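Asker: Can you keep this structure in mind? I'll have questions shortly.
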Amino acid sequence: MINKENHFDAIVIGSGISGGWAAKEFCEKGLKTLVLDRGRDTKHIQDYPTAYMDPWQFKHGGQVERENKDENPIAAKCYVYREDAKHFFLPDAVQPYIQEKPFDWIRADQVGGKSLLWARQTQRWSEYDFEGPARDGFAVDWPIRYKDIAPWYSYVEHFAGISGNKDGIDAMPDGDFLPAWEMNVVEKTIQQRIQQRYKDRPVIQGRCAHLTQPRQIHIDQGRSQCQARSLCHRGCPFGGYFSSNASTLPWAAKTGNLTIRPHAIVESILYDDNQQKAIGVRMIDTETKVSQEFFAKVIFVNASALATNLILLNSTSKRFPDGLGNDSGLLGKYVAFHNYLGTISGTMEGYEDKYYYGRRPTQPIIPNFRNVQRQETDFLRGYASFFGAYRSRGATFDGEPVGGAYKDSLSELGGWGVSMMMQGETIPKESNHVRLSVDKKDPYGIPQLITAVGYGENDYKSRDDFFEQGQEMLDVAGVSNLKISDSHQNPGLDIHEMGGVRMGLDPKTSLLNRWNQMHLVKNVFVTDGACMTSTGTQNPSLTYMALTARAVDYAVNEMKKGNI
Numbered sequence: 041m042i043n044k045e046n047h048f049d050a051i052v053i054g055s056g057i058s059g060g061w062a063a064k065e066f067c068e069k070g071l072k073t074l075v076l077d078r079g080r081d082t083k084h085i086q087d088y089p090t091a092y093m094d095p096w097q098f099k100h101g102g103q104v105e106r107e108n109k110d111e112n113p114i115a116a117k118c119y120v121y122r123e124d125a126k127h128f129f130l131p132d133a134v135q136p137y138i139q140e141k142p143f144d145w146i147r148a149d150q151v152g153g154k155s156l157l158w159a160r161q162t163q164r165w166s167e168y169d170f171e172g173p174a175r176d177g178f179a180v181d182w183p184i185r186y187k188d189i190a191p192w193y194s195y196v197e198h199f200a201g202i203s204g205n206k207d208g209i210d211a212m213p214d215g216d217f218l219p220a221w222e223m224n225v226v227e228k229t230i231q232q233r234i235q236q237r238y239k240d241r242p243v244i245q246g247r248c249a250h251l252t253q254p255r256q257i258h259i260d261q262g263r264s265q266c267q268a269r270s271l272c273h274r275g276c277p278f279g280g281y282f283s284s285n286a287s288t289l290p291w292a293a294k295t296g297n298l299t300i301r302p303h304a305i306v307e308s309i310l311y312d313d314n315q316q317k318a319i320g321v322r323m324i325d326t327e328t329k330v331s332q333e334f335f336a337k338v339i340f341v342n343a344s345a346l347a348t349n350l351i352l353l354n355s356t357s358k359r360f361p362d363g364l365g366n367d368s369g370l371l372g373k374y375v376a377f378h379n380y381l382g383t384i385s386g387t388m389e390g391y392e393d394k395y396y397y398g399r400r401p402t403q404p405i406i407p408n409f410r411n412v413q414r415q416e417t418d419f420l421r422g423y424a425s426f427f428g429a430y431r432s433r434g435a436t437f438d439g440e441p442v443g444g445a446y447k448d449s450l451s452e453l454g455g456w457g458v459s460m461m462m463q464g465e466t467i468p469k470e471s472n473h474v475r476l477s478v479d480k481k482d483p484y485g486i487p488q489l490i491t492a493v494g495y496g497e498n499d500y501k502s503r504d505d506f507f508e509q510g511q512e513m514l515d516v517a518g519v520s521n522l523k524i525s526d527s528h529q530n531p532g533l534d535i536h537e538m539g540g541v542r543m544g545l546d547p548k549t550s551l552l553n554r555w556n557q558m559h560l561v562k563n564v565f566v567t568d569g570a571c572m573t574s575t576g577t578q579n580p581s582l583t584y585m586a587l588t589a590r591a592v593d594y595a596v597n598e599m600k601k602g603n604i
């Protein structure tokens, strides 16, 4: 007799940005859906323990104590790993991995995943991004184009709530937007001067997943307007920004079709050689270390890019001895990321009678202008440039940092500063890969992942071009005292790792087809960062959401036809 408690219509591995969307779509379409997540259960509002705390309520003033940093040297590098949010991160020792090359793997440890920690920047890809690999001869051709995903971008934007302006830029298409946040006076000046000088370099306000003016669909989710508190990493009790916890998971739960199983780290996907399909998953309870199997007709793998690679590599059978669907031998290869090496800073004279009020969850962006429509430089692809202008608080004080005079100086305003950073596309290379250790296991008995991912010559050329062009643009805009800085950060700290289970047209050169469906295992889909064929210069989460909604729609239709 079948144990109905262990059988579902669909299993979703992971509950972050893409996993939450898979759960919502399946449940809305009437499928009994199981979501497995390795972290603890985290409910919207009630499980945001620091959301309303004041600065003086933190024992260490918001900083992480040295002992904790020493115990978590990788997680502690993340910019939001602070006293008010460190509980949302997976401690380094819980699931170790092997860095053959330096790679900072930032991982979350709760239902909702990194949707509680992301920077919430959301830009569409353009036609140029999808055609780039085939045009320029790197990676493999994407099996889709912009027209295939454009309606799904609109679909997820409307539900998630994305703020932005209609800018009319081919390289960064417009979307279904809520009103945009406003630039401050110095940013508007920089925008005007750069656009006067460079006709091919529009300067736009950043698009972000924040409710500036909620629609009825957002109110129906129980969300409200973004309060611009800049405390997003604590979890937003207002639901002002999009997260699985505030949006897709509660929406899925309302259908009565959702089951969430926290503390469930997936060891492997079960493949039946006789049926020639996947039949379920084997998970390990992270608290008891007891394993359990669940079964379903269709499986979506959304564990986050590298974790998804790990699961598929560890899913071996007589038919697939080297990992699920891995006849090509390419599983785990062609991993890429975003290049954040370059930053530029400077000062802007004047405007000292002006200030900016309140906080803002985004900043202006100059979309990629390098090699957009054709190859123009000695490096492939390009970079987006984010920048912001701000006034420092606290006048220069030469004495001891104590006493009334020092205190008075802290209330004075300094001049305007400007900072710009690059977000560059890296080129997927076969040598940039992950694989499983043959002898080292994690505390759950799962083989440790080996990361062998690094920068290449193209990345340094792109960085240097950013330094040159960025300084030139800021100089034109009137920014002075320019200084360049190389972050020297390891790959992974961008938290935009992608690839390893890439989409493509040919099963010999890719793992997934145009619907994110495994070429060789038709009832398994991958729609998180692992599916990406190339990286573009945009923040990737919006594309994951759109690909997921599109793939679920296809999968359900195929199930109805009896093809899955």
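Take 41 as the starting number for the sequence shown in my numbering and just add one per residue.
Backbone N, C-alpha and C fix where the C-beta goes; we use that ideal spot for every residue, glycine too.
On a predicted model such as this, the values are computed, not experimentally measured, just so you know.
Suppose you measure from the CA of G365 to the CA of N354; what does that come to, to the nearest Å?
Answerer: Computed Cα separation, rounded: 11 Å.
Asker: Per DSSP, what kind of secondary structure is P95 in: helix, strand or coil?
Answerer: Here P95 sits in helix by DSSP.
Asker: N379 bridges to which residues according to DSSP?
Answerer: DSSP output for N379 lists G464 as bridge partner(s).
Asker: Could you check where the beta strand (DSSP E) with Q509 kicks off and where it finishes?
Answerer: Not the beta strand (DSSP E): Q509 falls in the alpha helix (DSSP H), residues E497 to V516.
Asker: Report yes if the CB atom of L218 is closer than 8 Å to the CB atom of Q163, and no otherwise.
Answerer: Not a contact, by the Cβ cut-off of 8 Å.
Asker: Answer with buried or exposed for M41, where buried requires no fewer than 16 other C-beta atoms within 10 angstroms of its C-beta.
Answerer: Confidence at M41 is low in this model, with a pLDDT of 41, below 50, so the placement of that residue is unreliable and no value is reported for it.
Asker: Among D81, C67 and Q578, which one has its Cα closest to the Cα of T326?
Answerer: Cα-wise, what sits closest to T326 is D81.
Asker: Roughly how many whole angstroms lie between the Cα atoms of E440 and F143?
Answerer: Computed Cα separation, rounded: 41 Å.
Asker: Which value, in whole angstroms, describes the spacing of the CA atoms of E512 and Y238?
Answerer: Each residue's alpha carbon lies about 11 Å from the other.
Asker: For the region 164-188, which segments carrying the alpha helix (DSSP H) assignment without a break, of at least 4 residues, lie completely within its bounds, in sequence order?
Answerer: Runs of the alpha helix (DSSP H) inside the region 164-188: 167-176.
Asker: Any idea if W182 is buried or exposed, counting beta-carbon neighbours within 10 angstroms, 16 or more meaning buried?
Answerer: It counts as buried.
Asker: Can G279 and A148 be called in contact, C-beta distance under 8 Å?
Answerer: Contact: no.
Asker: Using DSSP's beta-bridge definition, name the partner residues of Y311.
Answerer: DSSP, once it has assigned bridges, lists A318 as partnering Y311.
Asker: Between T382 and M461, is the Cβ-Cβ spacing less than 8 Å?
Answerer: Reading off the sequence shown, one finds Gly at residue 382, where the question assumed Thr. Contact: yes.
Asker: Under a Cβ-count criterion, where at least 16 other Cβ atoms within 10 Å of its own Cβ denotes burial, should G485 be classed as buried or exposed?
Answerer: So G485 counts as exposed.
Asker: What do you reckon, are the CB atoms on I305 and D312 nearer than 8 Å?
Answerer: Against a cut-off of 8 Å, the Cβ pair of D312 and I305 comes out as no contact.
Asker: Per the DSSP calculation, Y396 is bridged to which residue(s)?
Answerer: DSSP, once it has assigned bridges, lists no residue as partnering Y396.
Asker: Leaving out the 5 sequence neighbours to the left and right, which residues in its chain are closer than 7 Å to K394 when beta-carbon positions are compared?
Answerer: Cβ within range, chain order: V225.
Asker: Taking C-beta to C-beta, are R241 and G204 nearer than 8 Å?
Answerer: It is not a contact, given that the beta carbons lie outside the stated cut-off.
Asker: Tell me the rounded alpha-carbon separation between K206 and L587.
Answerer: Distance between the alpha carbons of K206 and L587 is about 23 Å.
Asker: Pick helix, strand or coil for N521, following the three-state DSSP scheme.
Answerer: Strand, per DSSP.
Asker: So what's M41 in DSSP terms, helix, strand or just coil?
Answerer: Any reading at M41 is ruled out, since the residue's pLDDT is 41, under 50, leaving its predicted position unreliable.
Asker: For S432, count neighbouring Cβ atoms within 10 angstroms of its own Cβ and tell me buried if that reaches 16, exposed if not.
Answerer: S432 should be labelled exposed.
Asker: By the three-class DSSP mapping on this structure, what secondary structure does C248 have?
Answerer: If DSSP states are grouped into helix, strand and coil, C248 belongs with the strands.
Asker: Closest by CA to F282, which one among M538, S155, K337 and N563?
Answerer: Out of M538, S155, K337 and N563, S155 has the C-alpha closest to the C-alpha of F282.
Asker: Taking the alpha helix (DSSP H) that G444 falls in, what are its first and last residues?
Answerer: Taken as a continuous stretch (DSSP letters only), the alpha helix (DSSP H) holding G444 covers G443 to L450.
Asker: Given a cut-off of 8 Å on the beta-carbon distance, is the pair I189 and R590 in contact?
Answerer: Against a cut-off of 8 Å, the Cβ pair of R590 and I189 comes out as a contact.
Asker: Using the C-alpha atoms, what's the distance from S449 back to Y584?
Answerer: Answer to the nearest angstrom: the Cα atoms are 47 Å apart.
Asker: Just reading off the alpha helix (DSSP H) that R237 is part of, what are its end residues?
Answerer: Counting along the chain, the alpha helix (DSSP H) containing R237 begins and ends at V225 to R237.
Asker: Closer than 8 Å by C-beta to H100: which residues in its own chain qualify, once you throw out the five before and the five after it? Chain order, please.
Answerer: Cβ neighbours of H100 beyond the five flanking positions: E123.
Asker: What first and last residue would you give for the beta strand (DSSP E) that runs through S477?
Answerer: Element bounds for S477: H473 to K481.
Asker: Taking C-alpha atoms, which residue in Y396, E416, N411 and L420 lies nearest to L453?
Answerer: The shortest Cα separation from L453 among Y396, E416, N411 and L420 belongs to Y396.
Asker: Can we say the region 163-176 touches the region 563-582, given the rule of at least three CB pairs closer than 8 Å?
Answerer: Result yes; three or more Cβ-Cβ pairs closer than 8 Å.
Asker: Could you check whether G602 and H473 sit closer than 8 Å to each other, using their CB atoms as the reference points?
Answerer: Going by C-beta atoms, H473 is not nearer than 8 Å to G602.
Asker: Determine the closest residue to H536 out of E508, E65 and V493, with distance taken between C-alpha atoms.
Answerer: Answer by Cα proximity: V493.
Asker: How about the region 550-564 and the region 123-142: do they share at least three Cβ pairs that are nearer than 8 Å?
Answerer: No: the two stretches stay apart, fewer than three of their Cβ pairs being nearer than 8 Å.
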